[in-house]
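Here's the structure we're looking at; comments come further down.
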Amino acid sequence: MARQFTPKVVTANALLEGDVVYLTADDRWSRTHSEAELIEDEAHAQIRLLEANQPGIVVGVYLADARRGPDGPEPVHFREVFRATGPSNYAHGKQSATDSAGV
Amino acid sequence: MYSYSDFDEQFVRERVAQFSQQVARRIDGSLTEDEFKPLRLMNGLYLQLHAYMLRVAIPYGTISARQMNQLAYIAETWDKGYGHFTTRQNIQYNWPELKDIPAMLEALADVQMHAIQTSGNTIRNVTADHFAGAVGDEVADPRPVAELLRQWSTDHPEFQFLPRKFKFAVTGAEHDRAVIKAHDIGIQIVRNDAGEVGYRILVGGGLGRTPMLGKVIRDFVPAEDLLPYSEAIVHVYNRLGRRDNKYKARIKITVHEHGIEAIRDLVEARFAEIRPEFSGVDQDMLRGIEAQFALPELTAGGAGVYDADYATDPVFRAWADTNLTAHRHPDHAIVTISLKAHGATPGDASADQMRVMADLAERFSHSELRISHQQNVILPHVRKADLPQVHKILAGHGLGTANIGLVSDIIACPGMDYCALATARSIPIAQQIATRFDELKIEHEVGPLQIKISGCINACGHHHVGHIGILGLDRAGVENYQVTLGGDATETAALGERAGPGFSAEEIVPAIERLVLAYVEQRESAEETFIEAFRRLGMAPFKAALYPEERVKDAA
């Protein structure tokens with residue numbers, strides 16, 4: 001039996017700022033993990049990955065494991081948790097109020 | 104200090120202009136990421152976890168007050184007001200935006216600095232003893248030869264696409280403060296029986312996933328043969344190095360697979376071939392470079408002020424005991440400024456702190472500073488009479504921590520807080536260990552002990568050569584920390600031995616505490632250091648301290 005597909009989000013880094021972005025269901029790139037499209041079907045994930053390959057906007061597109069949370073998708077692996085928040089030694093990156101401006 | 108020649112100046116400016124064009128073409132879509140990536144890596148620009156990162160070279164760790172001020176300006180203007188000093192005497196900016204990189208490089212070029220060859224499969228920043236030219240135990244200052252190597256290796260046409268990155272380190276003293284045995288090529292300046300100055304050359308050292316100590320390829324290379332001999336080594340590596348497997352591509356594997364004898368024969372053959380091409384121009388240039396590294400004119404006398412303060416002020420005395428090193432001039436001292444305040448990020452300095460250090464260098468250290476591979480900053484030539492004042496100013500800016508060489512003077516790589524390659528975090532572990540030992544107030548009693556932490560097997564945090572090494576890994580989606588013991592980064596270099604199973608992020612700090620307390624309990628006297636005790640006692644008592652539950656299990 002094929003392994004069960006783990007839900008995913010499409011993520012990358014923004015070309016200009018370098019910060020972490022997520023593909024939304026309405027084809028935007030959001031800075032916020034919970035706004036990402038949670039993809040629960042493997043074939044759909046592959047299609048979204050192809051569509052996300054926008055070299056003028058983002059760099060290093062890939063699928064990251066995620067799960068459904070009360071406010072939208074949540075990261076599963078600790079690496080993705082850090083990407084979604086920022087470093088632990090300073091309140092920089094997404095956890096910083098001044099850095100969390102929208103797309 | 105070395106000042107750029109017209110050639111250097113022109114080369115760096117041209118490169119800035121060229122890369123600025125490449126950035127513009129990436130932004131307007133003319134270059135794809137695949138095309139752009141090798142270009143940005145040639146210029147020190149990485150894309151990390153949260154942002155771009157610019158790695159700026161500080162050749163052989165020497166930097167002027169003016170340059171330090173400019174680093175502060177760059178940190179404030181295009182980053183978040185701080186910089187991170189690394190184990191390879193570089194500074195990294197963690198938050199630049201792509202569009203600002205050309206301006207940052209221009210600002211660096213304004214003070215004779217650059218980010219060229221701080222990444223990619225080329226010869227990287229040449230590092231050296233951070234006390235170079237100031238300590239008394241040297242055969243010669245290693246920096247002139249490091250500068251010669253920098254000039255030779257920069258844009259060297261044969262060596263822009265090596266099998267893998269390539270790192271040189273140079274020391275002028277028998278006591279190795281530059282970790283030369285953990286470099287692709289380690290150079291030690293020596294004197295032969297006839298009293299002539301030359302070089303002992305080691306090859307094939309490196310940490311990473313397959314740690315190895317460098318082996319001596321030639322005991323004495325005459326001064327005038329250094330460049331052709333180095334060129335012969337890198338040439339042989341360039342030909343034989345494994346391009347089929349990234350993990351076997353470093354020269355340490357080449358030396359390991361072919362044997363040092365076979366490599367030596369090939370190097371000697373190549374050396375004989377190319378030696379005639381070196382007319383001696385390089386030696387003329389070296390003379391010119393040496394003149395620029397002359398010891399500044401030092402003022403004698405005044406040590407009495409220092410002695411008086413040392414006798415009466417316990418805070419100053421504690422700092423003097425750990426953070427000062429004997430200078431070759433008796434009325435001067437080498438000051439190591441700790442970038443390891445308890446609980447702070449190892450190696451980070453704010454723009455304000457950079458300015459304070461630059462100002463101190465200008466006023467008290469002949470405008471010169473050094474960056475050590477231990478991620479601290481050094482004022483190399485401070486008159487003893489000025490030390491109380493220097494200490495007071497440092498202490499007023501969070502730079503007066505008296506912990507050099509102690510438990511909390513931890514090397515830590517950026518780890519998963521910043522690095523895209525990391526498998527676990529390093530910085531919070533370093534912060535917690537330092538904070539814990541500060542609470543215990545025992546680190547001065549514990550004495551010299553080097554803890555080094557890496558957040559992945561690439562070992563930027565030098566964990567293999569830490570007395571206590573900590574390696575952060577990802578074990579089934581959870582951060583896990585392995586401990587190695589008995590490593591040594593000096594002339595008696597040794598690779599640490601793995602103690603046993605890893606610890607969770609919550610368990611690692613108490614485990615290190617048990618380990619250090621076990622050492623204090625077992626040492627013969629306060630004079631026996633951790634590494635000496637480890638060598639005498641072996642792994643067993645330390646293992647018992649790390650894994651007390653195993654002992655209980657065995658007894659049951």
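Heads up: the protein sequence lines correspond to chains A and B, in order. Using the working numbering, read the first sequence as starting at 1 and increasing by one per residue. Using the working numbering, read the second sequence as starting at 104 and increasing by one per residue. We put the beta carbon where it would ideally sit given N, CA and C, even for glycine.
Apart from the five residues on each side of it in sequence, which residues of its chain come closer than 6 Å, Cβ to Cβ, to residue i?
i: Gln-534 of chain B; result: Gly-446
i: Asp-232 of chain B; result: Pro-245, Thr-274, Arg-280, Ala-281
i: Cys-516 of chain B; result: Ser-529, Ser-557, Gly-558, Cys-563, Gly-564
i: Ala-512 of chain B; result: The sequence given here has Asp at residue 512 of chain B, not Ala. Lys-443, Asn-506, listed in sequence order.
i: Arg-420 of chain B; result: Tyr-413
i: Ala-395 of chain B; result: The sequence as given places Gln at residue 395 of chain B; Ala does not occur at that position. Tyr-105, listed in sequence order.
i: Pro-449 of chain B; result: Lys-443, Gln-478, Ile-513, Ala-515, Ala-533
Quick one: grab the DSSP three-state call for residue i.
i: Asn-348 of chain B; result: coil
i: Thr-313 of chain B; result: coil
i: Gly-102 of chain A; result: The predicted position of Gly-102 of chain A is uncertain, since its pLDDT is 40 and thus under 50; no value can be drawn from it.
i: Asn-506 of chain B; result: coil
i: Ala-436 of chain B; result: strand
i: Tyr-302 of chain B; result: strand
i: Ser-123 of chain B; result: helix
i: Tyr-622 of chain B; result: helix
i: Pro-73 of chain A; result: strand
i: Glu-241 of chain B; result: strand
i: Arg-68 of chain A; result: strand
i: Val-282 of chain B; result: coil
i: Glu-600 of chain B; result: strand
i: Thr-632 of chain B; result: coil
i: Ser-96 of chain A; result: coil
i: Ala-91 of chain A; result: coil
i: Phe-5 of chain A; result: coil
i: Phe-271 of chain B; result: strand
State yes or no: is the C-beta of residue i within less than 9 Å of the C-beta of residue j?
i: Arg-528 of chain B; j: Ser-88 of chain A; result: yes
i: Ala-45 of chain A; j: Thr-11 of chain A; result: no
i: Arg-280 of chain B; j: Arg-303 of chain B; result: no
i: Ala-154 of chain B; j: Glu-200 of chain B; result: yes
i: Ile-226 of chain B; j: Arg-473 of chain B; result: no
i: Gln-173 of chain B; j: Met-216 of chain B; result: yes
i: Arg-346 of chain B; j: Gly-309 of chain B; result: no
i: Leu-509 of chain B; j: Val-459 of chain B; result: no
i: Val-418 of chain B; j: Ala-488 of chain B; result: no
i: Asn-341 of chain B; j: Phe-262 of chain B; result: yes
i: Leu-552 of chain B; j: Phe-633 of chain B; result: yes
i: Val-619 of chain B; j: Ile-573 of chain B; result: no
i: Gly-56 of chain A; j: Gly-569 of chain B; result: no
i: Ala-648 of chain B; j: Ala-621 of chain B; result: yes
i: Asn-561 of chain B; j: Gly-344 of chain B; result: no
i: Ala-592 of chain B; j: Ala-285 of chain B; result: yes
i: His-276 of chain B; j: Val-238 of chain B; result: First, the residue type needs correcting, since residue 276 of chain B is Ala and not His in the sequence shown. Cβ atoms of Ala-276 of chain B and Val-238 of chain B: closer than 9 Å.
i: Leu-463 of chain B; j: His-435 of chain B; result: no
i: Asn-295 of chain B; j: Gly-289 of chain B; result: no
Could you tell me which chain C residues have their CB closer than 8 Å to the CB of residue i, listed as they occur along the chain?
i: Leu-16 of chain A; result: This model lacks chain C altogether; the protein chains it does include are A and B.
Considering only residues of the same chain and omitting the five flanking positions on each side of residue i, which have a CB-CB separation below 7 Å?
i: Asp-520 of chain B; result: Arg-528, Ile-530
i: Val-358 of chain B; result: Val-306, Gly-307, Lys-318, Ile-366
Going by other Cβ atoms of all chains shown within 10 Å of its Cβ, with 16 needed for buried, is residue i buried or exposed?
i: Asn-53 of chain A; result: exposed
i: Thr-230 of chain B; result: buried
i: Thr-595 of chain B; result: exposed
i: Ile-554 of chain B; result: buried
i: Tyr-350 of chain B; result: exposed
i: Tyr-196 of chain B; result: buried
i: His-278 of chain B; result: exposed
i: Arg-83 of chain A; result: buried
i: Glu-241 of chain B; result: buried
i: Glu-364 of chain B; result: exposed
i: Ile-292 of chain B; result: buried
i: Val-339 of chain B; result: buried
i: Ile-47 of chain A; result: exposed
i: Glu-334 of chain B; result: buried
i: Lys-544 of chain B; result: exposed
i: Asp-182 of chain B; result: buried
Short of 8 Å in beta carbon distance, which residues of its chain neighbour residue i, apart from the five on each side in sequence? Order them along the chain.
i: His-77 of chain A; result: Ala-64, Asp-65
Problem set entry | Those runs of the alpha helix (DSSP H) which lie wholly inside the region 154-233 of chain B and span at least 4 residues | 168-181, 204-212
Problem set entry | Entirely enclosed alpha helix (DSSP H) segments - the region 31-56 of chain A, minimum 4 residues | 42-52
Problem set entry | In chain order, each alpha helix (DSSP H) run of at least 4 residues that lies wholly inside the region 326-411 of chain B | 329-343, 354-361, 363-377, 384-395
Problem set entry | Contiguous beta strand (DSSP E) assignments of at least 3 residues, all confined to the region 425-488 of chain B | 427-429, 435-440, 451-453, 471-474, 480-486
For this session: Would you mind listing the alpha helix (DSSP H) stretches within the region 498-584 of chain B that are 4+ residues and don't spill past its ends, in chain order?
Result: Counting only runs of 4 or more, we get 530-543, 546-549.
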